[in-house]
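What follows is a short report on a single structure.
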Amino acid sequence: MTTLLSELGTIVCIAAYALAFRLYGRCGKPALLNPVFLSVFALCLLLLLGGFDVQTFQRNSELLILLLPVCVCALAMPIYRLRREIVRQARALFFSVVGVTLFSCCSVAIIGFLLHNTQERLVSALVPKSITGPVAQEIALAIGADFSLGGAVAISTGICGAVFGTLLLKHFAPQHAAIGGIAIGASSHGIATAQLFAEKHQVAGTYAGLAMALCALFGSVAVPFIWLALKLILW
Amino acid sequence: MQTPSSKRLSRIAHRTVRETTSVLIGSSPFVLCVVLAKALDPVLNLPLPPIAIALPLAALLLFTLKPKLENLAYNNPSPSQFLPLWHFLDQAIETAANRLLFVMPLCFVPIGVGIIKDTNILLQAWLVLFLVIVPHTLVTIAATIVILKKTTRTSPAAPRKQPAHPSRKKNPANPNAE
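Chains A and B, in that order, give the protein sequences. For the first sequence, this note's numbering begins at 4 and goes up steadily by one. For the second sequence, this note's numbering begins at 591 and goes up steadily by one.
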């Protein structure tokens with residue numbers, strides 16, 4: 004049984020997500036019942052309590068992981084559709100991408116330093132948290148942080164953005180989908196962007212996708228230098 | 591003689607086959623772009639997500655320019671017999687993109703499950719991780735929205751006021767006159 008559940012990774016993931024999506028719709032879409040959060044939480048519990056092999060489970064759900072870059076490519080379609088409006092918002096996009104990356108790196112390093120000043124390795128894994136998962140892992144490796152912890156922090160940030168992003172969008176920017184999308188994409192990247200599309204926030208999702216890609220591009224160049232400067236100042 | 595239920599079943603089956611074919615054909619350019627992005631990865635040495643978006647976007651923009659370039663070069667538009675095929679491809683790519691974006695959150699589920707590999711470190715530093723992940727992310731999103739709302743004009747441009755119709759202009763000498 005243990006082996007069978009790990010072997011059926013893709014099917015188990017699809018079933019868990021479908022159930023979570025149905026529950027989310029039935030309960031009136033509350034933030035805490037977000038399908039990604041709920042299915043990840045349920046699967047983590049199942050794997051931990053059942054003593055299943057996580058690596059086998061992930062290896063057997065590779066079909067979904069392979070589908071992810073194709074979905075990222077599909078982000079080009081809504082960006083193409085809104086290209087004229089995007090060009091008009093280019094300045095806002097540029098400044099928010101630079102601002103969010105700088106603010107996120109510096110504030111995270113300061114919070115980490117104040118709470119865990121001895122563990123430089125842990126703090127460095129937190130620095131690229133606003134950058135999409137695979138890029139965050141590479142940056143973590145480049146600045147001497149834990150490769151897998153860097154990824155885990157980025158994923159958790161994405162899930163947090165997916166859970167509360169739509170809520171913040173409704174409260175802070177009900178008439179400004181573009182602004183909300185830029186903020187969500189720049190701070191909580193892919194998972195939150197995907198959630199915006201799943202909830203039919205097409206305009207916000209489009210801007211979020213673009214902000215996510217630009218943050219990955221800017222972050223991969225700037226974060227190692229920012230970390231170097233922070234290390235000189237803080238430690 | 592077909593019964594109504596079998597007719598309905600065959601209609602559903604026909605629609606499913608048509609949609610599946612359309613999604614498969616429509617998603618193939620995106621798959622090609624991923625293959626190309628991965629092939630370019632060692633050469634460009636840039637993160638994959640921006641390249642993965644930039645390649646299909648460049649292709650779409652080139653297709654937008656294609657009729658204009660043809661007009662400039664040959665002074666005649668695309669042959670009309672290809673138009674239904676182009677229309678089908680256009681529709682298929684649009685449908686595939688919509689479906690792929692709808693299922694995108696599902697692709698993050700196996701990646702999210704990977705968090706449990708770091709359970710020990712996550713439990714050791716739970717306070718700093720919680721503070722950095724939940725309140726910090728929320729503050730970053732909210733602050734970005736507020737700052738952008740204050741500093742930029744992102745709402746669609748307000749429609750220009752139409753000049754009043756000359757016949758509706760009031761006579762300053764007799765404002766009550768119709």
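The C-beta atom is built at its ideal place from N, Cα and C for all residues, glycine as well.
Residue j beta carbon less than 8 Å from that of residue i
{"i": "Phe175(A)", "j": "Val724(B)", "result": "no"}
{"i": "Thr160(A)", "j": "Ser127(A)", "result": "no"}
{"i": "Met80(A)", "j": "Ala642(B)", "result": "no"}
{"i": "Ser64(A)", "j": "Ser190(A)", "result": "no"}
{"i": "Ala682(B)", "j": "Ile615(B)", "result": "yes"}
{"i": "Leu26(A)", "j": "Leu41(A)", "result": "yes"}
{"i": "Ala181(A)", "j": "Val206(A)", "result": "yes"}
{"i": "Ala139(A)", "j": "Gly168(A)", "result": "no"}
{"i": "Ala143(A)", "j": "Gly153(A)", "result": "yes"}
{"i": "Leu690(B)", "j": "Val73(A)", "result": "yes"}
{"i": "Ala197(A)", "j": "Phe698(B)", "result": "yes"}
{"i": "Val703(B)", "j": "Val43(A)", "result": "yes"}
{"i": "Leu712(B)", "j": "Tyr20(A)", "result": "no"}
{"i": "Leu235(A)", "j": "Ala112(A)", "result": "no"}
Burial state of residue i (16 or more Cβ within 10 Å)
{"i": "Gly28(A)", "result": "exposed"}
{"i": "Cys30(A)", "result": "exposed"}
{"i": "Glu202(A)", "result": "buried"}
{"i": "Gly193(A)", "result": "buried"}
{"i": "Pro700(B)", "result": "buried"}
{"i": "His179(A)", "result": "buried"}
{"i": "Ala747(B)", "result": "Bear in mind that the predicted position of Ala747(B) carries a pLDDT of just 43, short of 50, making it too unreliable to give a figure here."}
{"i": "Leu231(A)", "result": "exposed"}
{"i": "Gly12(A)", "result": "buried"}
{"i": "Thr610(B)", "result": "exposed"}
{"i": "Val624(B)", "result": "buried"}
{"i": "His726(B)", "result": "buried"}
{"i": "Thr593(B)", "result": "exposed"}
{"i": "Leu217(A)", "result": "buried"}
{"i": "Gly115(A)", "result": "buried"}
{"i": "Thr742(B)", "result": "buried"}
Closer than 8 Å to chain D by CB, residue i
{"i": "Ile14(A)", "result": "Structure shown: chain D not included; protein chains present are A and B."}
Mind pulling the alpha helix (DSSP H) runs of 4 or more residues that sit fully within the stretch 705-741 of chain B? 709-714, 716-741
Going residue by residue through the stretch 139-182 of chain A, where are the continuous beta strand (DSSP E) segments of at least 3 residues, counting only ones entirely within it? none
Quick one, which residues of the stretch 36-51 of chain A are near chain B if we go by CB-CB under 8 Å, in chain order? Pro38, Val39, Ser42, Val43, Leu46, Cys47, Leu50, Leu51
Runs of alpha helix (DSSP H) lying entirely within the stretch 34-81 of chain A, each at least 4 residues, in chain order: If we require 4 residues or more, the alpha helix (DSSP H) runs fully inside the stretch 34-81 of chain A come out as 38-53, 57-63, 65-77.
Looking at chain A, which residues of the stretch 695-711 of chain B have a Cβ within less than 9 Å of any of its Cβ atoms? So the list reads Pro695, Leu696, Cys697, Phe698, Val699, Pro700, Ile701, Gly702, Val703, Gly704, Ile705, Ile706, Lys707, Asp708, Thr709, Ile711, given in the order they occur along the chain.
Near-chain A residues of the stretch 592-609 of chain B (beta-carbon distance less than 8 Å), N- to C-terminal order: none
Proximal residues, the stretch 713-727 of chain B versus chain A, C-beta separation under 9 Å: Gln714, Ala715, Leu717, Val718, Leu719, Leu721, Val722, Ile723, Val724, His726, Thr727
Taking a Cβ distance cut-off of 8 Å, strictly less, list which residues of the stretch 202-218 of chain A are near chain B, in chain order. Gly208, Gly212, Leu213, Met215, Ala216, Leu217
Going residue by residue through the stretch 99-126 of chain A, where are the continuous beta strand (DSSP E) segments of at least 3 residues, counting only ones entirely within it? none
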